[in-house]
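Last residue of the sequence shown: number 468 in our numbering, and the count goes up by one each step with no gaps.
Structure first, commentary second.
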Amino acid sequence: RCNPGEFSTGASVKCSLCEPGTSSKAGSPSCTPCPVGESSQAGSSVCKKCPAGRAKGAGPGECIQCKQGSYAESGASECSSAKPGHFVESDGASRQEQCPAGSHASGSGNTACAPCQAGKFASNKGMADCVRARRGHYVDAEGATKDTACEPGEYAFGEGFSGCLAANAGYFVDEKGADHQTRCNPGEFSAAAASDECSKCPVGTFSSEGSPSCTPCDAGESSDEGSSSCDECPAGRAKGAGEGECEECMKGSYAEKGASECLSAEPGYFVDSDGAAREDECLAGKHASGSGNTECAPCGAGKFASNMGQADCVDARKGHYVKDEGATKETACDIGTYASSEGSRECTVANAGYFVDEKGADRQESCDAGEFSAGTGNDECSKCPAGTFSEAASPSCTSCDAGESSDEGSSSCEECPAGRAKGAGEGECEECMKGSYAEK
């Protein structure tokens with residue numbers, strides 16, 4: 029009989045060895061192919077399982093070594109391709125390996141895992157595909173095992189971002205992991221990119237929604253902090269162009285609503301309090317010279333102001349006077365008095381030898397020759413009596429010398445005519461009586 033592992037046909041004169049992948053018992057006329065997953069060497073009486081890393085199908089033949097990207101356990105009928113998310117990097121492998129976190133292997137039969145690209149990550153082992161970074165997150169390098177939330181001031185509006193976008197000027201992002209930027213509210217601004225908050229517009233400025241800066245209010249307008257529009261300055265306050273508050277006008281100045289500056293009170297007007305909306309006229313009897321007056325001054329003696337709103341007081345005219353302060357009119361000098369210059373505080377009494385015969389006179393008149401005014405303040409002159417004479421502006425009449433006389437109102441004396449005589453003093457030349465005579 030043929031030995032185990034040999035066979036012979038009826039016509040054979042000797043036994044032959046069974047080929048690899050087959051076996052036989054003693055006295056067998058033929059060899060039997062090994063079952064699936066088993067093989068044998070030439071001349072074997074039994075089949076053995078293929079070792080791990082090798083495989084064989086039905087029929088004769090040896091166990092074939094698995095190549096890279098595939099593997100086989102002991103007794104396998106074929107090499108299995110590495111599954112997605114797994115790899116086999118060497119020939120004759122008995123198992124597949126999981127891709128480490130941060131890498132992936134798409135499809136089957138992979139010999140290695142590829143690192144996740146920027147914008148993607150793999151948090152677990154054995155992932156076939158990398159996951160895109162979530163909205164509001166990013167992955168900035170290869171081989172990442174997780175995505176990172178965007179910081180305040182940045183955002184990512186979609187998936188798979190390799191970096192976050194900085195919030196634009198006029199926008200802000202106030203939380204981590206944001207997927208959008210938010211416009212600044214009206215009255216706020218953000219000047220720089222990547223802002224995590226908006227700032228309120230300062231006093232005297234305003235902004236609309238999404239503004240990178242605040243706009244100064246026009247002249248005559250202002251605003252509170254954080255305003256979306258400007259308002260006119262109220263009466264009594266004013267502001268020029270640019271930032272800032274409407275400033276209260278000081279005494280001596282005023283402003284109507286919406287004024288760009290406080291106006292100084294004009295001559296003849298005054299402002300006696302802060303925050304005034306208008307100027308007031310000086311009352312009659314008072315004045316305000318120059319501008320920016322906080323009060324009106326009464327006219328001094330010798331001056332007056334008959335109207336309201338006078339910048340300067342008027343001097344009393346010649347022939348008139350103003351005695352007290354704060355006068356609204358002048359007064360004409362009475363008869364017997366006069367004022368020769370403007371701005372008189374009182375009238376001058378006419379001197380002896382002079383007279384003033386009308387009201388409002390600006391001078392005294394001298395008495396004519398042959399007349400006199402004995403006291404002061406006369407409104408007329410008197411004629412010298414007979415026997416006296418006077419020169420012009422005389423306060424009294426002079427008696428004629430002895431032997432002389434004059435008519436009433438004479439400016440000189442004459443000798444008594446023959447037949448008449450007069451002693452010293454006043455009086456006429458008296459006619460000589462019978463029994464007496466007189467030469468001229």
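We treat Cβ as the ideally placed atom computed from N, Cα and C, and that holds for glycine.
- Here DSSP, grouped into helix, strand and coil, assigns I92 to strand.
- The DSSP assignment places no complete run of the beta strand (DSSP E) inside the stretch 42–105 (cut-off: 3 residues).
- Contact between the stretch 238–256 and the stretch 200–209 is absent: fewer than 3 CB-CB pairs across the two stretches fall below 8 Å.
- Within the DSSP secondary-structure output, R265 pairs in a beta bridge with E276.
- With a cutoff of 8 Å on beta-carbon distance, A367 and G405 are scored as not near each other.
- Per DSSP, reduced to three states, the secondary structure at F298 is strand.
- Nearest C-alpha to S131 among A184, S434, K111, G154: G154.
- Judged by beta-carbon spacing, S136 lies beyond the 8 Å limit of D157, meaning their Cβ atoms are not closer than that value.
- Residue burial annotation: F185 is exposed, with fewer than 16 other C-beta atoms found within 10 angstroms of its C-beta.
- Shown here, P128 sits in coil according to DSSP, grouped into three states, outside any helix or strand.
- Between the beta-carbon of D435 and that of A420 there is about 18 Å, and that puts the pair past the 8 Å contact cut.
- Sequence-distant Cβ neighbours of S394 in its own chain, meaning closer than 6 Å and more than five residues away, are Y382, A420, A421.
- Comparing alpha carbon positions, the residue from P214, Y282, E408 closest to K387 is E408.
- By the neighbour-count criterion, in which 16 or more other beta carbons inside 10 Å mark a residue as buried, E225 falls on the exposed side.
- Minimum Cα-Cα distance from S118 among the listed residues C107, K95, G398 corresponds to K95.
- Between P128 and C107, the CB-CB gap reaches or exceeds 8 Å.
- The stretch 109–116 makes no contact with the stretch 57–73; the number of CB pairs closer than 8 Å stays below 3.
- D259 carries a strand assignment under DSSP once its states are collapsed to helix, strand and coil.
- In this structure, the beta-carbon distance from D429 to A414 does not fall below 8 Å.
- Inter-segment contact for the stretch 259–269 and the stretch 292–299 is absent: fewer than three beta-carbon pairs are separated by less than 8 Å.
- Shown here, A449 sits in a strand according to DSSP, grouped into three states.
- Excluding the 5 residues flanking it on each side, Q145 has same chain C-beta neighbours closer than 8 Å at C158, E170, in chain order.
- G455 and D390 have their C-alpha atoms spaced approximately 38 Å apart.
- Here the alpha carbons of E182 and A194 stand approximately 5 Å from one another.
- G371 is not a Cβ neighbour of C361, given a cutoff of 8 Å.
- The residue among R345, I363, C341, G364 with its C-alpha nearest the C-alpha of G354 is C341.
- Counting only the Cα atoms, R82 lies some 15 Å from A110.
- For D343, the beta-bridge partners assigned by DSSP are K331.
- The C-beta of D175 has 16 or more other C-beta atoms within 10 Å across all chains shown, which makes the residue buried.
- The three-state reading of DSSP puts E182 in strand, counting E and B together.
- G147 and E187 have their C-alpha atoms roughly 8 Å apart.
- The alpha-carbon separation between C460 and S410 amounts to approximately 31 Å.
- Spatial neighbours of K228 in its own chain (CB-CB distance under 6 Å, excluding positions within 5 residues in sequence) are listed in chain order as E216, E253, G254.
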